[in-house]
Structures are given as C-alpha cells and as structure tokens.
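First residue of the sequence shown? That's 1051 in our numbering, and the numbers climb one at a time after it.
Structure first, commentary second.
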Amino acid sequence: MKKNLLSLLAVCCLFCLPNTIFAAAPSLKDIQVTQRLKLVDDRGNNLVLHNARQFRLKWSIQDPSPYQHFQAYTGSNGLVYFIAFDYLMAVDTQGNIKWKQSLPSELNTFELIGDDAYYRFYQGNLEYADETSLIIDQIVRVDEDGRKIIIPATTLYAPKNEQGFSLDYPVYSADDYGNLILLAGTGQGLTLYHPDGSVAWQRETVEDRDRKLSVYEFLNLFSDESGNIYAQTKDRLLKLDGQGNVLWSKSLPGPGIFYMAQRGKLVSWTFDAATMSPHYTTYSISEKDGSLVPDPVSGVTNRGIGDLRGGTYELDEKTNTVLNRDKSGKIKWKYSLTKKDIAWGRSLAAFTMTGDTAGNVYFSANVGTVYSLDPSGKPRFIVEMNNKHSYFSRILSISDKLTIIMIDNQILAIEKIK
1051 MKKNLLSLLA
1061 VCCLFCLPNT
1071 IFAAAPSLKD
1081 IQVTQRLKLV
1091 DDRGNNLVLH
1101 NARQFRLKWS
1111 IQDPSPYQHF
1121 QAYTGSNGLV
1131 YFIAFDYLMA
1141 VDTQGNIKWK
1151 QSLPSELNTF
1161 ELIGDDAYYR
1171 FYQGNLEYAD
1181 ETSLIIDQIV
1191 RVDEDGRKII
1201 IPATTLYAPK
1211 NEQGFSLDYP
1221 VYSADDYGNL
1231 ILLAGTGQGL
1241 TLYHPDGSVA
1251 WQRETVEDRD
1261 RKLSVYEFLN
1271 LFSDESGNIY
1281 AQTKDRLLKL
1291 DGQGNVLWSK
1301 SLPGPGIFYM
1311 AQRGKLVSWT
1321 FDAATMSPHY
1331 TTYSISEKDG
1341 SLVPDPVSGV
1351 TNRGIGDLRG
1361 GTYELDEKTN
1371 TVLNRDKSGK
1381 IKWKYSLTKK
1391 DIAWGRSLAA
1401 FTMTGDTAGN
1411 VYFSANVGTV
1421 YSLDPSGKPR
1431 FIVEMNNKHS
1441 YFSRILSISD
1451 KLTIIMIDNQ
1461 ILAIEKIK
C-alpha cells in the first residue's frame, strides 16, 4: 500500500510540476513540501515556496509604490545594492537596509556599475550640441557607502544620421580605482573623471605606434579588475595607462567582435545570426605584447551560461526547455514546462537564466515564477506566482545558499536551510 501511495504521489508531481528528462524523481517528492508566503502576486494570491523543507523566505522588502521596479548588484563589501526608479539602496544579507540615497527620477537615463560605485546618466530631452555630441544634463555617482556626487553637464560622442538618430552607442566605462572614463563630444574627447567628479585629463588623440589615432574611432571602452583600461576600434585593441597613453595595441580578426574583461581574462563577444545566439571566447592576455591565448579551461560558450563543469546551461524558448550540455555538446538532461503550463500561456525566457558558484541554475517564467535546478537537473526550489500584468522576475544569486528575487516592488531573499 505504501509503495502504491508513493507511486501515486510521484505521478501527481509529474503532472503538477515541469517535466525533468534524465533527472531522478525523488526531488519532486521533496519539493512538494510547500509554504504560502505573506507576499502576494498582482492577482492578490499568496506566493508559494516549493521545497520548504530545505528552503525558506529569509526576508523581504516591499516598496510602497506598486509601480516600482528593482535591479540589483553585489558589492565587494558583501552588501547588495538595489536600483529603484528614484533611489539606490544598500542591504546586507540579513535584510537590514544600511542606507538609501535618493536619485532624480527621469525617464531618459542609462546607468553604469563600476568599482562598487553606481553611475546614472541623465539625457534630458535627448538633444545634441552638434552633429556628434549628445548632451548629458548630469551624471550622478553614488559610492559603496552612499555618498553622492554630481558631475555637471557634459556631452557624449554619438554621431547621428540625417534622420537625427544616433549611429553609435555612447562609449564609457569605470575602473577599479573609482574613475569614470568616457568619450565626450567633439572638442573634449577621451575624458577621465576622478571619484570626486573632477576632470583628471582629456585628449582627442593617442599615439598608436608611429601614428596619431583619433579617440573618436573608439567603439568600446572597458577596464579589468587591476584597473587597466582597454579601448577598441573597428580593427584594433589597445591597452591604455592611467593617463590614456597606449601601452600596446594589436590587430583584431574582423568587425562585429566586442571585448570585455571578466575575472582576469579577456572575453570576446559575437552574435551568430543563424542560431540567434551569442558566442563567447575566453582568452588569457600577454602583459608584454597583448597576445591573446584561448583559455582551454574556460573554453568557448556558444549560447546560454557556463555550468562550471566545462558545459553549458541553455534555454530553448520555442520548447520552454532548459537543458544541460557537457563540454562535448552532448545533452545530459532537460527540464520543461508541462503542457498544462503552456496551455495556460506560461513560457520561459533565456535572458532570465543565471547561475551560482555551486553550478546551480535559475530562471523565470512570464508569470514571475522562479525555478532553481541543481547540476543534475533536479529542482531545488520553486517560488510560484501567477501574475497577470507583471512578467519575468529578476534573479540575483548571492551564493548557493541565498537567492534574491525581484518582481515589481517586491524583493525576496530565499535561503537554503538544509
């Protein structure tokens, strides 16, 4: 009788939860231990935590405005920084708000996170000073301790076409010394701001080997964890010192490749139009001459995110399926929404997928529901929602033991307790 009851429970789990292919079933039984949380979705229904035996809601924060939305990033000091429409807030892992700094609330803005500081650029009415110089009304900088400074009006180099639309994205970055570096409009050029907002230097050309190179050819700026600054043109990659002088430069294989620094490595990014997926390659950099050596440990990621074991996690939006490939490309397991979920209009999105330091994977459905799977494809927890107007949740993994979930004006911290 007991065996038949367990079999019946297993069958019920298969109908109630997303399907796991190649993954063992016992975790489906464990995840049926649920807890109704005090938070509600936009239909007024309580959120439900599946696998309350091993996870719990550690803390939550709710903004008074139902129209608020949060983004988040972690600082090197262990705090979590939440970006709202009109403020920046620092919270520790226990849910204590350490500080909250107000921000001007305007629509035409973009942002940058660097050296544990947050920058918000205010574009005003999207006006140009001339054909190449986009006016920036102000730049607000908030450091890791909540100190706010305002960089006065400037311009960003962003040429526009005859219809008045920008041809290029503004070029800017921040280094690990607290400096902001950007490509300002004609007459200003490459500009470095100190953390206090003062201008350190400006230059319109750099010496690249035996020729003068206009900084207005720069298409990309980025820095690494050591504070080094890199600039990229359509055909060259340059390393700059703190004064903007070229330390070395090298030719690039072709257009359409953008570079970024990540964990002491250089990562190239291209987009494959045939597969509609990004292509990443990781390199070690020779400090002597800038030679790029493909990293055999990190390898090449064609799509999805790395699983920390040489393979990838991928999300197929057409089939609402998350899958894990090993480093040879062989599929190890799949995890899919049920036919019932799909019939109800639920779907998954690749942009919501993220991982943690233990190789677990997280993703969200369009009703806000958040899923976490372990490296073998077994469900760790599910936070179930059924929003009508709100869509995908934002997910920030602090560790395999603490996960931050953001949906509209609500922040949830889910903690592993076993």
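All residues carry an ideal CB built from backbone N, CA and C; glycine is no exception.
#### Entry: Cβ neighbour criterion (16 or more within 10 Å) applied to P1305
Classification of P1305: exposed, given that the 10 Å Cβ count is below 16.
### Query
How many Å lie between R1259 and Y1280 at the Cα?
Linking R1259 to Y1280 through their CA atoms gives a straight-line distance of about 16 angstroms.
### Message
Only counting the same chain, and skipping five residues up and downstream in sequence, which positions put a Cβ closer than 6 angstroms to that of P1202?
### Response
Within the same chain, no Cβ atom closer than 6 angstroms to the Cβ of P1202 is found once the five residues on either side in sequence are excluded.
### Message
Between the alpha carbons of F1321 and H1329, how many angstroms are there, rounded?
### Response
Using only the alpha carbons, I get a separation of about 6 angstroms.
### Task
For the segment 1382-1462, list the beta strand (DSSP E) runs that are entirely contained and at least 3 residues long, ordered along the chain.
Those beta strand (DSSP E) runs which fall completely within the segment 1382-1462 and span 3+ residues are 1411-1414, 1420-1423, 1429-1434, 1444-1449, 1452-1457.
#### Entry: Same chain, Cβ closer than 7 angstroms to T1283, five either side skipped, listed in chain order
Cβ neighbours of T1283 beyond the five flanking positions: E1267, F1268, L1269.
### Query
In terms of residue numbering, what span does the beta strand (DSSP E) encompassing K1198 cover?
For K1198, the enclosing beta strand (DSSP E) stretches over residues 1198-1201.
### Query
Cα-Cα, which of Q1460, Y1421, S1414 is closest to N1101?
Taking N1101 as reference, the option from Q1460, Y1421, S1414 with the minimal CA-CA separation is Y1421.
### Message
So, at 7 angstroms on beta carbons, what are the nonlocal neighbours of S1115 in its own chain, with the 5 sequence-adjacent residues on each side left out?
### Response
For S1115, same chain residues with a beta-carbon under 7 angstroms away, outside a window of 5 residues either side, are N1459 in chain order.
### Outcome for L1462 when other beta-carbon atoms lying within 10 angstroms are tallied against a minimum of 16
Buried.
### Query
From the DSSP output, which residues share a beta bridge with Y1219?
Its beta-bridge partners do not exist; DSSP assigns none.
### Start and end residues, beta strand (DSSP E) containing L1263
Note, L1263: beta strand (DSSP E), 1261-1264.
### Query
Which term fits L1157, buried or exposed, when burial requires 16 or more other beta carbons within 10 angstroms of its beta carbon?
It counts as exposed.
### Message
In whole angstroms, give me the CA-to-CA distance for V1350 and G1361.
### Response
Per-residue confidence for V1350 stands at a pLDDT of 47, beneath the threshold of 50, marking its modelled position as unreliable; the derived number appears in the next sentence. CA-CA distance, V1350 to G1361, rounds to 9 angstroms.
### Message
Let's see if you can read the secondary structure: which residues bound the beta strand (DSSP E) around E1364?
### Response
Here the beta strand (DSSP E) through E1364 covers 1362-1366.
### Task
Report the rounded CA-to-CA distance for L1142 versus S1426, giving the unit in angstroms.
First, the amino acid is wrong: residue 1142 is Asp here, not Leu. Distance between the alpha carbons of D1142 and S1426 is about 31 angstroms.
### Nearest residue (CA-CA) to F1160, options K1148, K1150, M1139, A1134
Taking F1160 as reference, the option from K1148, K1150, M1139, A1134 with the minimal CA-CA separation is A1134.
### Query
How would you label Q1238, buried or exposed, when you count the other beta carbons within 10 angstroms and need 16 or more for buried?
Classification for Q1238: buried.
### Query
Between the beta-carbon of N1416 and the beta-carbon of F1442, is there less than 7 angstroms?
Judged by beta-carbon spacing, F1442 lies within the 7 angstroms limit of N1416, meaning their Cβ atoms are closer than that value.
### Task
Could you tell me which residues DSSP pairs with K1377 in its beta bridges?
BP columns for K1377 are empty, so no partner.
### Message
Pop quiz: L1147 and F1171 are said to be a contact at Cβ under 8 angstroms. What is the actual Cβ separation, rounded to whole angstroms?
### Response
In the sequence as displayed, the identity of residue 1147 is Ile instead of Leu. Incorrect: roughly 26 angstroms between the Cβ atoms, too far for contact.
### Query
Tell me, which residues are paired with N1270 by DSSP?
Per DSSP, Q1282.
### Query
Can you check whether the CB of Y1123 is closer than 7 angstroms to the CB of I1163?
Inclusion of I1163 and Y1123 in the CB contact set at 7 angstroms is warranted, their separation being smaller than that value.
### Task
Could you tell me whether the Cβ atoms of A1400 and L1423 are closer together than 7 angstroms?
Result no, Cβ atoms of A1400 and L1423 do not sit closer than 7 angstroms.
### Message
Give me, in chain order, the residues of the same chain whose beta-carbon lies closer than 6 angstroms to that of S1077; leave out the 5 immediate sequence neighbours on both sides.
### Response
Residue placement at S1077 is poorly supported in this model, since its pLDDT is 40, which falls under 50; the coordinates still yield a value, given next. Sequence-distant Cβ neighbours of S1077 in its own chain, meaning closer than 6 angstroms and more than five residues away, are K1428, P1429.
### Task
Could you please give me the residues that DSSP links to A1208 through a beta bridge?
The bridge partners DSSP lists for A1208 come to none.
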